[in-house]
């Protein structure tokens, strides 16, 4: 041993130093952020490390495994039940513990007050208990920043059409945290038009996916619905809802089986009208703002008809189009994590006085 | 008090909203009944304008409740219970806080939360008489 010692000891020291320095570098480099999303029906948690999403857990996945039961759809109580297992799973899947987390982010709004409160309170308590900074995120900004989760990523400035059950917005995106709404709906969101049309057709809620499915088998020019003329870049989807209602009433009067016999054509024609309205303004915006890159975001961005038509528009107008993966279009915490990453880099933190904001405008 | 009954088109909305305001007096719970496409949200937009709301009045089907600010600094609540399946879900998000706030509550699809609504109420029934024509019957429920 006496012989070995002088040899071992410098080597040992060297190894210790090496280990320590890697560890220290790890501590400096690894910016681990936990993000919570609870703005509407889904509870979701995500871990992002140095801008790379490591996990994205949505309650429906976990809860069915863990409890196997039916979950109340809209109750904020459901969020309270989901939040712990969802966060635990997100941390575990990212292979980190709560002590590795450098900051915690949450959706402040827009959304349902009761649902937002659960995520907000959880994140505030988490930050307080671990003495780490708190980041508040605007849900609509996060939908757009979902484009920065995977390659290819758009270049600034670009125009994003955000479409969901609650929102329809055309946004000029100047930088990760600088966005300007150039147009939005004056009444119903486009997702709502899909859902309510589905209801009139006797299809289950949420109706968007069902209409999309039928539409793929129908003729989009079979029936004609009026395009709402709105000034500037504003949208309106209330009129077409009423137009569909009267169209159906009239046709069903003449033939009681009209809906069943023409489901695919009705869905295709109705969906086509909505898409035309959405894309007319998008095209006008790209021309006016001289932007060459366009993007879609939000739950309705999973609609295959919209995806196809926006690709066609892009080819015709020589534009580059960006569409996130399905899982990043519907409500998810990965997009909140992505937004939080950008805010972390800019040192945009909030404090314990922050509260949920159901009508949080994008700016 | 006798019911308030009026037939109108889109062009008359401002007049209808004005008449409703004076008919309602100080009743703060307004229920809007009528089928999809009857024009509940459209009429509420006009009512909001009369109360001095400058915010964009969008359908709250997704958010369940929209909160608007009036010129006078009051709040005005716009509900849509279309997505609610039972009254319990409304209690879960704290609907009583809004209903008993003494601020104006404009409620679309109120049927599911009927048991939670305090009286007096203004009950507004809208029915379609054709693509552009509507009939409205309003009464005070005590």
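Chains as they are written, first to last, in the numbering used here: chain A, 1 to 363; chain B, 364 to 505.
Ideal Cβ positions, reconstructed from N, Cα and C, are used throughout, including at glycine.
1. I want to know whether the region 457-472 of chain B touches the region 372-379 of chain B - three or more CB-CB distances under 8 Å.
2. In chain order, what are the residue ranges of uninterrupted alpha helix (DSSP H) at least 4 long that sit wholly in the region 177-211 of chain A?
3. Please classify residue 97 (chain A): is it buried, with 16 or more other beta-carbons within 10 angstroms of its beta-carbon, or exposed?
4. Looking at chain A, is there any beta carbon in it that lies within less than 9 Å of the beta carbon of residue 488 (chain B)?
5. Determine, using beta carbons only, whether residue 164 (chain A) and residue 109 (chain A) come nearer to each other than 9 Å.
6. Since residue 443 (chain B) sits in a beta bridge, which residues does DSSP pair it with?
7. Report the neighbours of residue 238 (chain A) on chain E: residues whose CB is nearer than 9 Å to its CB, in chain order.
8. One question on the structure: do residue 369 (chain B) and residue 379 (chain B) come within less than 9 Å of each other, judged by their Cβ atoms?
9. Do you know offhand how far residue 245 (chain A)'s Cα is from residue 330 (chain A)'s?
10. Along the chain, where does the beta strand (DSSP E) that runs through residue 108 (chain A) open and close?
11. Of all the residues that make up the region 169-201 of chain A, which are near chain B by a beta-carbon distance shorter than 8 Å?
12. When you compare only the Cα positions, how much space is there between residue 288 (chain A) and residue 314 (chain A)?
13. Ordered along the chain, which non-local residues of its own chain (more than five positions away) have a Cβ less than 8 Å from that of residue 183 (chain A)?
14. Which residues, taken in chain order from the region 113-130 of chain A, show a beta carbon closer than 9 Å to some beta carbon of chain B?
15. Throw me the rounded Cβ distance for the residue 333 (chain A) and residue 56 (chain A) pair, which I believe falls under 8 Å.
16. Since residue 387 (chain A) and residue 133 (chain A) should fall inside the 8 Å C-beta cutoff, what is the C-beta to C-beta distance between them, to a whole number of angstroms?
17. Which of the residues in the region 425-446 of chain B, read from start to end, lie with their CB under 9 Å from any CB of chain A?
18. Using only CA atoms, which one of A:238, A:261, A:84 and A:225 lies nearest to residue 272 (chain A)?
19. Taking contact to mean at least 3 C-beta pairs separated by less than 8 Å, is the region 127-143 of chain A in contact with the region 253-272 of chain A?
20. CA-CA distance, residue 82 (chain A) and residue 53 (chain A)?
21. How long is the line joining the alpha carbons of residue 415 (chain B) and residue 150 (chain A), rounded to whole angstroms?
22. Which same chain residues, not among the five before or five after residue 344 (chain A), have their C-beta less than 7 Å away from its C-beta?
23. Quick one: does residue 494 (chain B) have its CB under 9 Å from some CB of chain A?
24. Can you tell which of B:424, B:487 and B:438 has its C-alpha closest to the C-alpha of residue 111 (chain A)?
25. Quick one: which residues of the region 308-322 of chain A get their C-beta closer than 9 Å to a C-beta of chain B? List them in chain order.
26. To be precise: take each residue of the region 442-476 of chain B, compare its Cβ to all Cβ atoms of chain A, and keep it if any distance is under 8 Å. Which residues remain?
27. Would residue 275 (chain A) be called buried (16 or more neighbouring beta carbons within 10 Å of its own) or exposed?
28. Could you have a look at residue 411 (chain B) and say whether DSSP puts it in helix, strand or coil?
29. Is residue 325 (chain A) near the ligand GDP, with its Cβ less than 8 Å from a heavy atom?
30. With 16 other CB atoms within 10 Å as the buried threshold, where does residue 205 (chain A) fall?
31. Closer than 9 Å, CB to CB, is residue 241 (chain A) near chain B or not?
32. Going by beta carbon distance, what residues of the same chain come within less than 8 Å of residue 118 (chain A), once the five residues before and after it are set aside?
33. Excluding the 5 residues preceding and the 5 following residue 362 (chain A) in the sequence, name in chain order all residues of the same chain whose CB lies nearer than 8 Å to its CB.
In brief:
1. no
2. 190-200
3. The count along the first chain starts at 1 and reaches residue 97 (chain A) at position 97. Exposed is the call here.
4. Here residue 488 (chain B) refers to the residue found at position 125 when the second chain is read from its first residue. Output row for residue 488 (chain B): interface = no.
5. Numbered from its first residue, the first chain carries residue 164 (chain A) at position 164. Numbered from its first residue, the first chain carries residue 109 (chain A) at position 109. The answer is no: Cβ separation not under 9 Å.
6. Here residue 443 (chain B) refers to the residue found at position 80 when the second chain is read from its first residue. Residue 443 (chain B) is bridged to B:471.
7. In the structure shown, chain E does not exist; the protein chains are A and B.
8. Taking the first residue of the second chain as 1, we reach residue 369 (chain B) at position 6. Taking the first residue of the second chain as 1, we reach residue 379 (chain B) at position 16. Yes, they are a contact pair.
9. To locate residue 245 (chain A), count along the first chain from 1; it is residue 245. To locate residue 330 (chain A), count along the first chain from 1; it is residue 330. Whole-angstrom Cα-Cα distance: 28 Å.
10. Translated into the one-based positions of the first chain, residue 108 (chain A) becomes position 108. From DSSP, the beta strand (DSSP E) with residue 108 (chain A) extends over 103-109.
11. 184, 185, 186, 187, 188, 189, 191, 192, 195, 196, 199 and 200
12. To locate residue 288 (chain A), count along the first chain from 1; it is residue 288. To locate residue 314 (chain A), count along the first chain from 1; it is residue 314. Straight-line Cα distance between these residues: approximately 16 Å.
13. Looking up residue 183 (chain A) in the first chain gives position 183. Excluding positions up to five away in sequence, the list reads 169, 170, 232, 233, 234, 235, 281 and 285.
14. 113, 114, 115 and 117
15. For this step, residue 333 (chain A) is matched to residue 333 along the first chain. For this step, residue 56 (chain A) is matched to residue 56 along the first chain. Contact flag correct, Cβ pair sits at about 6 Å.
16. Past the boundaries of the shown model lies residue 387 (chain A); chain A is included only from 1 to 363, so the question cannot be answered.
17. 425, 426, 427, 428, 429, 430, 431, 445 and 446
18. Within the first chain, numbered from 1, the residue matching residue 272 (chain A) stands at position 272. Here the closest residue by C-alpha is A:225.
19. no
20. What you label residue 82 (chain A) is simply residue 82 of the first chain in a count that begins at 1. What you label residue 53 (chain A) is simply residue 53 of the first chain in a count that begins at 1. So the two alpha carbons sit approximately 21 Å from each other.
21. Sequence index remark: in the second chain, residue 415 (chain B) carries index 52 (1-based). Sequence index remark: in the first chain, residue 150 (chain A) carries index 150 (1-based). The alpha-carbon atoms of residue 415 (chain B) and residue 150 (chain A) are separated by roughly 45 Å.
22. One-based indexing of the first chain puts residue 344 (chain A) at position 344. The residues are 31, 33, 103 and 135.
23. Taking the second chain and counting its residues from 1, the one referred to as residue 494 (chain B) is at position 131. Yes - at least one Cβ of chain A is within 9 Å of the one on residue 494 (chain B).
24. Along the first chain, one-based indexing puts residue 111 (chain A) at 111. Residue B:424 is the option with its Cα nearest to residue 111 (chain A).
25. none
26. 446, 447, 448, 451, 452, 455, 456 and 457
27. If you number the first chain from 1, residue 275 (chain A) lands on position 275. So residue 275 (chain A) counts as buried.
28. Residue numbering aside, residue 411 (chain B) sits at position 48 when the second chain is read from its first letter. If DSSP states are grouped into helix, strand and coil, residue 411 (chain B) belongs with the helices.
29. This structure simply doesn't include the ligand GDP, nor any ligand for that matter.
30. On the first chain, position 205 is the one that residue 205 (chain A) refers to. Residue 205 (chain A) comes out exposed.
31. Taking the first residue of the first chain as 1, we reach residue 241 (chain A) at position 241. Interface residue, yes.
32. Here residue 118 (chain A) refers to the residue found at position 118 of the first chain. Answer for residue 118 (chain A): 38, 43, 76, 79, 80 and 83, listed in chain order.
33. Here residue 362 (chain A) refers to the residue found at position 362 of the first chain. Once the five neighbours on either side are set aside, the close Cβ partners of residue 362 (chain A) are 138, 140, 141, 169, 171, 179 and 181.
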